[in-house]
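Here the UniProt record's numbering is used: the first residue of the sequence shown is 1, the next is one more, and so on.
Just so you know, even glycine gets a beta-carbon here, dropped at the ideal spot from N, CA and C.
All values reported here derive from a predicted model rather than from experimental measurement.
Here is the structure we will look at, set down as structure tokens.
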Amino acid sequence: MLKFLYRWIFSSSSTHLTMDYHTMSISGIIGLPNYGLSCCVNSLLQSFFATPELTSLLNKCVEFGKKIPEDRNVPLNLLKLTEDVQNCRSVHSAHRKLLQCLDKNRITHSVQHDAGEIFLSFLHLIHKQTESPELAEEILQLYKITVLDYLQCNVCQNISQSNSFLLTLLLDIQGPSATLEKSIKLFFDPQEISGRSPPFCDFCKEKRPGKKGLKLLSLPKILCLQIKRAYFERHRGLPIKLNSELEFSEMLDLQQILHVDHLAESFQKENCKYGLYAVIVHSGSPICGHYIAYIKLDNAWYCANDSSVYKVPWNEVAKTSGCSPKSCYAFRETAYMLLYRRSDT
């Protein structure tokens with residue numbers, strides 16, 4: 001009951017002039033009804049609608065539905081809903097079918113979700129259920145950040161390393177004047193490991209202090225950045241929302257952010273510039289909150305708050321960067337996920 005009461009308070013407090021999805025005629029963005037607690041999925045869907053690269057890949061597959069029943073096929077149902085959105089058709093039927101499909105894949109729309117976890121679950125299901133292995137890998141490559149995972153002994157300087165990949169960068173907020181650029185740099189800074197549990201060095205044949213970290217091998221077309229906005233407070237036994245400010249901008253140049261030590265030797269420095277096109281925003285607490293999405297379409301920003309979609313200026317989006325401890329309030333809207341598209345020009 002508390003969750004639904006919060007949802008009513010939040011949606012009723014908006015001072016924006018909203019438009020029902022029936023009146024929207026913009027190809028690529030349309031309001032989605034909230035069935036219980038589907039705001040998290042709705043917001044992520046808006047980001048997928050704004051990613052034509054993904055839609056194009058899904059359209060390539062002509063074997064949908066032959067091995068996986070249609071009512072469990074996430075890529076197929078996502079494609080059908082996206083086509084309805086792009087053609088400004090009614091989304092009721094396709095939206096409900098997708099939510100039911102997700103429910104059968106253990107993503108229940110009546111449960112409070114974490115957007116970062118659901119984003120990864122979406123990609124996992126799309127990859128797993130795409131029947132063409134080549135296409136499945138191509139879809140993953142759209143978001144894949146390949147890295148070199150290394151561990152270096154401080155005594156003999158021997159380095160053990162392996163290649164791996166990430167689909168999101170999970171960023172910390174450090175200090176009162178945190179910026180996205182600083183958090184990305186911090187993510188790739190090496191960490192010293194010592195104390196009571198130092199790592200085992202294969203060369204020294206004993207435990208030695210060392211440092212571990214990641215070096216960037218390659219960047220994806222779509223760069224997903226997730227901000228750590230929750231921590232567990234032991235004496236309360238509850239997760240706590242962190243509304244601290246993390247300033248971000250519409251443009252991001254990783255070549256200007258990362259030091260040479262953050263990059264693998266084979267890293268290609270071309271095409272490191274990205275433009276922001278989607279922001280997933282959270283308000284409330286980790287156990288009782290609401291998600292909305294800000295989407296950039298044709299050089300204009302829109303807020304998608306479930307079935308309501310309305311145009312907003314950039315400064316409204318920028319305000320979701322967070323706040324100082326003195327000016328924060330419990331239900332503040334803060335950016336939780338940022339999706340950037342690489343500029344190939």
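Locate the beta strand (DSSP E) running through residue i, then write down its first and last residues.
i, result
"Lys169", "Here residue 169 is Leu; the residue named in the question, Lys, does not match the sequence. Leu169 -> beta strand (DSSP E) spans 169-171."
"Gln226", "222-227"
"Ala278", "273-285"
"Ile295", "288-297"
"Val309", "308-312"
"Leu216", "210-218"
"Ile240", "238-241"
"Asn154", "That residue, Asn154, is in no beta strand (DSSP E); it is neither H nor E in DSSP."
"Ser162", "159-166"
"Cys303", "300-305"
For residue i, count neighbouring C-beta atoms within 10 Å of its own C-beta (all shown protein chains included) and say buried if the count is 16 or more, exposed if not.
i, result
"Val281", "buried"
"Arg341", "buried"
"His235", "exposed"
"Lys128", "exposed"
"residue 346", "The requested residue 346 is not part of the displayed model; the chain covers only 1 to 345."
"Leu339", "buried"
"Asn73", "buried"
"Val111", "exposed"
"Glu333", "buried"
"Asp289", "Per the sequence presented here, residue 289 reads as Gly, with Asp not at that position. It is buried - the Cβ of Gly289 has at least 16 other Cβ atoms within 10 Å."
"Arg89", "exposed"
"Arg106", "exposed"
"Ser343", "exposed"
"Cys156", "exposed"
"His92", "exposed"
"Gln256", "exposed"
"Gln152", "buried"
"Glu245", "buried"
"Asn243", "buried"
Spatial neighbours of residue i within its chain, please: CB distance less than 8 angstroms, with the 5 preceding and 5 following residues excluded, ordered by chain position.
i, result
"Leu169", "Ile145, Ile184, Phe187, Leu223, Cys224, Leu225, Gln226"
"Leu258", "Ile184, Lys185, Phe188, Leu216"
"His109", "Tyr35, Gly36, Leu37, Ser38, Val41, Leu99, Leu102, Asp103"
"Ala300", "Lys311"
"Trp314", "Glu250, Trp301"
For the alpha helix (DSSP H) containing residue i, name the first residue and the last one.
i, result
"Glu192", "That residue, Glu192, is in no alpha helix (DSSP H); its beta strand (DSSP E) goes 191-193."
"Leu263", "That residue, Leu263, is in no alpha helix (DSSP H); it is neither H nor E in DSSP."
"Asp103", "92-104"
"Lys144", "Run containing Lys144: none; DSSP gives neither H nor E here."
"Gly55", "In the sequence under discussion, the amino acid at residue 55 is Thr, which differs from the Gly named in the question. Taken as a continuous stretch (DSSP letters only), the alpha helix (DSSP H) holding Thr55 covers 52-60."
"Trp267", "The displayed chain sequence assigns Phe, not Trp, to residue 267. Premise fails: Phe267 is in no alpha helix (DSSP H) and is neither H nor E."
"Asn42", "39-49"
"His124", "115-129"
"Ile184", "180-188"
"Asp84", "74-86"
"Gln255", "254-257"
Measure how close the beta-carbons of residue i and residue j come, nearest whole angstrom, since I'm counting them as under 8 angstroms.
i, j, result
"Ile193", "Lys221", "Actually they are not in contact, since the Cβ atoms of Ile193 and Lys221 sit about 34 angstroms apart, beyond 8 angstroms."
"Asn163", "Leu148", "6 angstroms"
"Ala115", "Met251", "With 8 angstroms as the limit, Ala115 and Met251 do not qualify as a contact, their Cβ atoms being about 23 angstroms apart."
"Glu83", "Leu142", "The Cβ separation is near 19 angstroms, so there is no contact."
"Ala278", "Ser47", "4 angstroms"
"Tyr294", "Cys303", "6 angstroms"
"Ser285", "Lys228", "Their Cβ separation, rounded to whole angstroms, is 15 angstroms, which puts Ser285 and Lys228 out of contact at 8 angstroms."
"Ile118", "Leu44", "6 angstroms"
Given residue i, which residues of its chain have a CB within under 6 angstroms of its CB, disregarding the five upstream and five downstream residues?
i, result
"Glu247", "Thr179, Ser321"
"Ala318", "none"
"Leu297", "Gly28, Ile29"
"Phe200", "Lys207"
"Gln161", "Leu148, Tyr150"
Enumerate in chain order the residues of its own chain whose CB-to-CB distance from residue i is below 7 angstroms, with the five nearest sequence positions on each side excluded.
i, result
"Pro198", "Lys207, Arg208, Pro209, Gly210"
"Leu166", "Ile145, Val147"
"Gln191", "Lys211, Lys212, Gly213"
Practice task
Would you check if there are 3 or more beta carbon pairs closer than 8 angstroms linking the region 72-86 to the region 98-116?
Solution key: They touch, by the three-pair rule.
Handout entry: Touch test, the region 29-38 against the region 123-133, Cβ-Cβ under 8 angstroms, three pairs minimum
Key = They do not touch, by the three-pair rule.
Exercise for the section: Flag this pair as touching only if the region 298-317 and the region 251-270 have three or more C-beta atom pairs under 8 angstroms; answer yes or no. Expected result: Touching, no, given that fewer than three Cβ pairs across the two stretches are closer than 8 angstroms.
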